[in-house]
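A.B. asks: Following this message is one structure expressed as structure tokens.
Number of protein chains: 2
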Amino acid sequence: MEKKDTKQIILDEALDLFAVNGYDGVAVADIANAVGIKASSLYKHYKGKQDIFDCILEKTAERYNEMAGRLGIDGNISERDAAQYSGMSTETLVETGTALFMYFLHDDYARKFRRMLTIEQYKNEAASKLYTEQYMDSPIVYQSSIFKVFIEQGKMKNVDAKVAAVHFYSPMFLMLCLCDSCPEHEPSALEFIRQHITQFSKLYMEGKIL
Amino acid sequence: MEKKDTKQIILDEALDLFAVNGYDGVAVADIANAVGIKASSLYKHYKGKQDIFDCILEKTAERYNEMAGRLGIDGNISERDAAQYSGMSTETLVETGTALFMYFLHDDYARKFRRMLTIEQYKNEAASKLYTEQYMDSPIVYQSSIFKVFIEQGKMKNVDAKVAAVHFYSPMFLMLCLCDSCPEHEPSALEFIRQHITQFSKLYMEGKIL
DNA sequence: GTCTATAAGAAGATAGAC
DNA sequence: GTCTATCTTCTTATAGAC
Numbered sequence: 324m325e326k327k328d329t330k331q332i333i334l335d336e337a338l339d340l341f342a343v344n345g346y347d348g349v350a351v352a353d354i355a356n357a358v359g360i361k362a363s364s365l366y367k368h369y370k371g372k373q374d375i376f377d378c379i380l381e382k383t384a385e386r387y388n389e390m391a392g393r394l395g396i397d398g399n400i401s402e403r404d405a406a407q408y409s410g411m412s413t414e415t416l417v418e419t420g421t422a423l424f425m426y427f428l429h430d431d432y433a434r435k436f437r438r439m440l441t442i443e444q445y446k447n448e449a450a451s452k453l454y455t456e457q458y459m460d461s462p463i464v465y466q467s468s469i470f471k472v473f474i475e476q477g478k479m480k481n482v483d484a485k486v487a488a489v490h491f492y493s494p495m496f497l498m499l500c501l502c503d504s505c506p507e508h509e510p511s512a513l514e515f516i517r518q519h520i521t522q523f524s525k526l527y528m529e530g531k532i533l
Numbered sequence: 324m325e326k327k328d329t330k331q332i333i334l335d336e337a338l339d340l341f342a343v344n345g346y347d348g349v350a351v352a353d354i355a356n357a358v359g360i361k362a363s364s365l366y367k368h369y370k371g372k373q374d375i376f377d378c379i380l381e382k383t384a385e386r387y388n389e390m391a392g393r394l395g396i397d398g399n400i401s402e403r404d405a406a407q408y409s410g411m412s413t414e415t416l417v418e419t420g421t422a423l424f425m426y427f428l429h430d431d432y433a434r435k436f437r438r439m440l441t442i443e444q445y446k447n448e449a450a451s452k453l454y455t456e457q458y459m460d461s462p463i464v465y466q467s468s469i470f471k472v473f474i475e476q477g478k479m480k481n482v483d484a485k486v487a488a489v490h491f492y493s494p495m496f497l498m499l500c501l502c503d504s505c506p507e508h509e510p511s512a513l514e515f516i517r518q519h520i521t522q523f524s525k526l527y528m529e530g531k532i533l
């Protein structure tokens, strides 16, 4: 009752520090200090610093796979999802797009985790895999699936769906990277994403049935 | 004659290590070892580890500003450049685009420096500024200037030039990030960039005078 | 589960011989 | 300019009292 869950708090505070300073830039004492305990106490919960890092990676990967499974991001879009998107207009595309962007941008945990992966990707193979999977492969595969449905329905010009998916997603990725580096650019980035999606719709759906 | 320039070699080897392990992940002894001297000898060339890092940042920023100045990346495109691009066809756009991408991707020094900035951006303000300037602001401003000329000349649809610039550049940025993380994706990324530019041309220049 | 104390080693930097 | 030797501090991790 007194303490929520020290083991979880350690992971949260560690991620908070890793997301800025990287694994090597954080001392076990720093994590312990953030939690409000001494470094030695921390070893009652985890084997060591590497164990903490690995647990963050493992837990978040689990959480992600659950979500991805529900959304059908893994591979082809499901029949159910296709039906769901069949009624989508340009306006809802803009709304859905910005909402997804907002989530990626403002969800505190998602942001920290993305930053940590960004820092660690070149020296840690697991981090590299998660980074490319979550921020590149999956969004593109998912968006491609949606656009394939759009094209079949004649809502969208008959172009390569994957290229269209990258045209839709990569500006969001770039703005995410920008805002992660300079949070003061968030308002203009958000406004820009709206312009982007609007122009995207014009280019890809002009003259099409909406 | 015997040694090219120890002071420069130190910077090169340090960058090589920083680009993978980050500043905190590299010991002064590691750098010295890569150079082929002892750690203590290194202090005859630089004040310390931070000095080495700062010198890499400073030297590369200088080199970049020189290049940017010549290309007129800073702000508006020059009259001379506008004239240069006025004769550009879709084919040359594809070629110029892929060439620029190839340079960013395969230039050894550019790649290492980009990786180092990627790692250090969240805890180092100077790194953050250089990162956003070199890989976001400048390419977009530069590409916008070119597209403004295209639009004036009626070569391109009358859309927002900045959004078009991001549509052109952001897929390259995403593929750069991908290849920096997983170099094995280079061949497919290169092929994809060709598809991207082709589709971009169709969307933005279809029905226009070429 | 948290603390103090402490071991054992790594890391940044300096002094001084050659 | 490079070396060996050394200093000091930081860092991970363990032992054992409470």
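So the sequence lines, in the order shown, correspond to chains A and B. Residue numbers for the first sequence follow our numbering, beginning at 324 and rising by one. Residue numbers for the second sequence follow our numbering, beginning at 324 and rising by one. We put the CB at the ideal spot given by N, CA and C, even for glycine.
In or out: R393 of chain A buried (at least 16 other Cβ within 10 Å) or exposed?
C.D. replies: Exposed.
A.B. asks: Using beta-carbon positions only, say whether M495 of chain B and T413 of chain B come within less than 8 Å of one another.
C.D. replies: No.
A.B. asks: Could you work out which residues of chain B lie near K446 of chain A, taking near to mean beta carbons separated by less than 8 Å?
C.D. replies: V343, N344, G345, G348, listed in chain order.
A.B. asks: Using a C-beta to C-beta distance shorter than 7 Å, which residues of chain A count as neighbours of H519 of chain B?
C.D. replies: Chain A residues near H519 of chain B: V486, V489.
A.B. asks: Report the rounded CA-to-CA distance for N356 of chain B versus S468 of chain B, giving the unit in angstroms.
C.D. replies: Answer to the nearest angstrom: the Cα atoms are 46 Å apart.
A.B. asks: Classify Q331 of chain A as helix, strand or coil using the three-state DSSP reduction.
C.D. replies: Helix at Q331 of chain A.
A.B. asks: Hey, out of A:K361, A:L340, A:D431, A:L365, whose CA is closest to K330 of chain A's CA?
C.D. replies: Ranking the options by Cα distance to K330 of chain A, first place goes to A:L365.
A.B. asks: Roughly how many whole angstroms lie between the Cα atoms of I375 of chain B and Y369 of chain B?
C.D. replies: Their Cα atoms are separated by approximately 6 Å.
A.B. asks: Could you tell me which of B:C505, B:I520, B:V358, B:D460 sits nearest to A512 of chain A, measuring between CA atoms?
C.D. replies: A512 of chain A has its Cα closest to that of B:D460, out of B:C505, B:I520, B:V358, B:D460.
A.B. asks: Flag Q522 of chain A as yes if its beta-carbon sits less than 8 Å from any beta-carbon of chain B, otherwise no.
C.D. replies: Chain B contact via Cβ: present.
A.B. asks: For chain A, find out if any of its Cβ atoms is closer than 8 Å to the Cβ of V358 of chain B; answer yes or no.
C.D. replies: Not one chain A Cβ lies under 8 Å of V358 of chain B.
A.B. asks: Three or more C-beta pairs closer than 8 Å, one from the stretch 497 to 513 of chain B and one from the stretch 420 to 429 of chain B: is that the case here?
C.D. replies: In short, these stretches touch, since the Cβ pair count reaches three.
A.B. asks: Which word fits Q507 of chain B, buried or exposed, when buried means at least 16 other C-beta atoms lie within 10 angstroms of its C-beta?
C.D. replies: The displayed chain sequence assigns Glu, not Gln, to residue 507 of chain B. The residue in question, E507 of chain B, is exposed, as its Cβ has fewer than 16 Cβ neighbours within 10 Å.
A.B. asks: Return the Cβ separation of A534 of chain A and L340 of chain A in integer angstroms, given the expectation that the two are a contact with Cβ distance under 8 Å.
C.D. replies: A question about residue 534 of chain A goes unanswered here, because the residues of chain A that appear run from 324 up to 533.
A.B. asks: Scan the stretch 465 to 508 of chain B and note each continuous alpha helix (DSSP H) run of 4 residues or more that stays entirely inside, going in chain order.
C.D. replies: Complete alpha helix (DSSP H) runs here, min 4: 484 to 504.
A.B. asks: Can you name the residues of chain A whose CB is closer than 8 Å to the CB of R386 of chain B?
C.D. replies: Per Cβ cutoff of 8 Å: no residues; R386 of chain B is ~21 Å from chain A at best.
A.B. asks: In angstroms, rounded to a whole number, what distance separates the CA positions of H490 of chain B and R438 of chain B?
C.D. replies: Cα-Cα distance, rounded: 23 Å.
A.B. asks: Looking at E269 of chain A: is its Cβ nearer than 8 Å to the Cβ of V358 of chain A?
C.D. replies: Nothing in the structure corresponds to residue 269 of chain A, since chain A is present only between 324 and 533.
A.B. asks: With 8 Å as the threshold, decide whether the Cβ of M459 of chain B is near any Cβ in chain A.
C.D. replies: Judged by the 8 Å Cβ criterion, M459 of chain B is in contact with chain A.
A.B. asks: Could you tell me whether the Cβ of P494 of chain A comes closer than 8 Å to any Cβ of chain B?
C.D. replies: Output row for P494 of chain A: interface = yes.
A.B. asks: Does N481 of chain A pass the burial test, meaning 16 or more other C-beta atoms within 10 Å, or should it be called exposed?
C.D. replies: When all chains shown are included, N481 of chain A counts as exposed.
A.B. asks: Quick one: using the 10 Å Cβ neighbour count with 16 as the cut-off for buried, is S409 of chain B buried or exposed?
C.D. replies: When all chains shown are included, S409 of chain B counts as exposed.
A.B. asks: Report yes or no: is there a C-beta of chain B within less than 8 Å of the C-beta of T441 of chain A?
C.D. replies: Taking Cβ atoms only, chain B reaches closer than 8 Å to T441 of chain A, which makes this a yes.
A.B. asks: Between the C-alpha atoms of A342 of chain B and M498 of chain A, what's the straight-line distance to the nearest angstrom?
C.D. replies: Rounded to the nearest angstrom, the two C-alpha atoms are 23 Å apart.
A.B. asks: I'd like the span of the alpha helix (DSSP H) that includes K435 of chain B, first residue to last.
C.D. replies: Counting along the chain, the alpha helix (DSSP H) containing K435 of chain B begins and ends at 431 to 443.
A.B. asks: Quick check: is the beta carbon of R437 of chain B nearer than 8 Å to any beta carbon in chain A?
C.D. replies: Closer than 8 Å: no.
A.B. asks: Is there a Cβ of chain A sitting closer than 8 Å to that of V472 of chain B, yes or no?
C.D. replies: Chain A contact via Cβ: absent.
A.B. asks: Could you name the residues of chain A that T455 of chain B contacts, counting a contact when the two beta carbons are closer than 7 Å?
C.D. replies: By Cβ distance, chain A contributes L501, S504, C505.
A.B. asks: Please check the pair I442 of chain A and G345 of chain B, which I expect to be a contact at CB under 8 Å, by giving their CB distance rounded to whole angstroms.
C.D. replies: Right, their Cβ atoms sit about 7 Å apart.
A.B. asks: Quick check on D483 of chain A - is its C-beta less than 8 Å from some C-beta in chain B?
C.D. replies: Yes - at least one Cβ of chain B is within 8 Å of the one on D483 of chain A.
A.B. asks: Who are the neighbours of L428 of chain B on chain A, taking C-beta pairs under 8 Å?
C.D. replies: In chain order: nothing, as chain A lies at least about 15 Å away.
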